[in-house]
Each structure stands twice: as C-alpha cells, then as structure tokens.
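Working notes, structure below.
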Amino acid sequence: MKLIVYSASRSFDHFLQRQLDIAFEYRRDLQVPSDDPEQLYLIHVTGRELECNEWLLKHVSGKPLRVGVCSDRPSIHEMLECVRLGAKAYCNSHMATLHYQQMLQLVANGQSWFPPQMLDETFKLAQQAANPEENHGQLEILTTREKDIALAVGKGKSNRQIADLYDISEPTVKRHLTNIFKKLQLKDRVGLVLYLKQA
Numbered sequence: 007m008k009l010i011v012y013s014a015s016r017s018f019d020h021f022l023q024r025q026l027d028i029a030f031e032y033r034r035d036l037q038v039p040s041d042d043p044e045q046l047y048l049i050h051v052t053g054r055e056l057e058c059n060e061w062l063l064k065h066v067s068g069k070p071l072r073v074g075v076c077s078d079r080p081s082i083h084e085m086l087e088c089v090r091l092g093a094k095a096y097c098n099s100h101m102a103t104l105h106y107q108q109m110l111q112l113v114a115n116g117q118s119w120f121p122p123q124m125l126d127e128t129f130k131l132a133q134q135a136a137n138p139e140e141n142h143g144q145l146e147i148l149t150t151r152e153k154d155i156a157l158a159v160g161k162g163k164s165n166r167q168i169a170d171l172y173d174i175s176e177p178t179v180k181r182h183l184t185n186i187f188k189k190l191q192l193k194d195r196v197g198l199v200l201y202l203k204q205a
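Residue numbers (my numbering): 7 to 205.
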C-alpha cells in the first residue's frame, strides 16, 4: 500500500507522522489520482470542503479508487456527502492511532471505515425516519413559517435560498431551524430531511 496524504495543513502532516508507523507521501494540493491499485488517498478536508467534493466527484465517484476523508469538525452531513461522492472512509482528523490503523487496513483491503458513534447516530436518524406513524402529524406543532422553512430544507434549499424565498435574513432562517430541530427533537438538517421523507 502506498499512502498519499493531501492537506493544506503542515500540522496535520506532522500529526500523522506521529500517529502512523508507515511512510506516506504528503501533498499540499489535490492532484489527478493515479490508476495504481496500490495507492490509498487520505484527504484532510478542513478548510477546503468544496474543493474536496469537486475532486471526489471528478476523480472518485463511480471509480474503484480508495479514498478516505479526514475532518477537523466531522458531521453526519459531511460524512454522507463524502460517501455519496465515493469516499471509502471518513474520520475525525484527531482520532487515535488505533483507529487510523484500522481505517487504513480496511480501506487498503477494499472495505469501508466510519466512526462508530457517527454510524450509530446515522442509524438512529434512519430508524426515526422509518417510523412514519411516530412522525405523522408532528409537523402540526410547527408554526406556518417553520413548516415552510422545513419543507424548503426538505427540497434541498440552502439557508441563503430560503432567506431570499421568504424575504427574511439568514440569521432569521437559522433561528427558525433551531426551533424546528428543538420541536421535532432533531439534531441537524440531515435528520430533518430524513424526517420529512417519512412525515
């Protein structure tokens, strides 16, 4: 296995050197990946999420490349987006050595690796969405504006688009979303989208 690490952060490079007992090649900028089946790519996504997603879409989506994504602020939404674009692993940049070793071994063998606690949360969201009888009618506890905003999120609209649509500010959209999450006992947009698919 040949590991190539992409990161704009030299401190992440130094962190990995301390964590891993294997040699790896450090690159600052994302490049066209090789077709070499022995290569494994690890992308430190923090601060360059859009660039990473475009790279995954262009070079990884639908191809057998082995790519893992590391994030300083991991989220279910980001994890699901990376998986959709072809990543085989997703992790917290600051995770323990043992987890890095497990992840690299699994991905090198063509398998996937994701943080157990994030998988648990994803399964809870999916389970909640799979119980429509529990969700039925619960949108009624939302105000008319909150329902409108929730449904706009369900259609994939961004906060900026929702603000423009309803002629309100982005901070107002965020306040409404906070109220929606609280009333529906959800954690984030991903949970809301899953919830709406079953409500």
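All C-beta atoms, glycine included, are put in the ideal place defined by N, C-alpha and C.
Indicate the three-state DSSP secondary structure (helix, strand or coil) for L171 in the structure shown.
Assigned with DSSP and collapsed to three states, L171 falls in helix.
Expected contact under 8 Å - CB spacing of W61 and A95 to nearest Å:
Between W61 and A95 the beta-carbon gap is near 15 Å, outside 8 Å, which marks them as no contact.
Closest by C-alpha distance to V196, when choosing among L71, I82, L22
Checked all of L71, I82, L22; the closest Cα to V196 is I82.
Go through the segment 65-144 residue by residue and report every complete run of the alpha helix (DSSP H) that reaches 4 residues or more, in order.
The segment 65-144 contains these whole alpha helix (DSSP H) runs: 82-90, 103-114, 122-135, 138-141.
DSSP state of V196 mapped onto helix, strand, coil
Three-state DSSP puts V196 in a helix.
Assuming E31 and I10 make a contact with CB atoms under 8 Å, what is their CB distance in whole Å?
Contact flag correct, Cβ pair sits at about 5 Å.
If we ignore side chains and look at the alpha-carbon of each, how far apart do R90 and S67 end up?
Cα to Cα, the separation comes out at about 8 Å.
Rounded to a whole number of angstroms, what is the C-alpha to C-alpha distance between C76 and I155?
Each residue's alpha carbon lies about 31 Å from the other.
May I ask you to report which of helix, strand or coil DSSP gives Q37?
Coil.
For E44, three-class secondary structure by DSSP:
Note: E44 maps to coil in three-state DSSP.
Report the three-state DSSP secondary structure of V11 (helix, strand or coil).
Correct three-state label for V11: strand.
Note down, in chain order, each residue of its chain lying with its Cβ closer than 8 Å to the Cβ of K163, except the 5 sequence neighbours on either side.
Closer than 8 Å at the Cβ level, and outside the excluded window around K163, lie L171.
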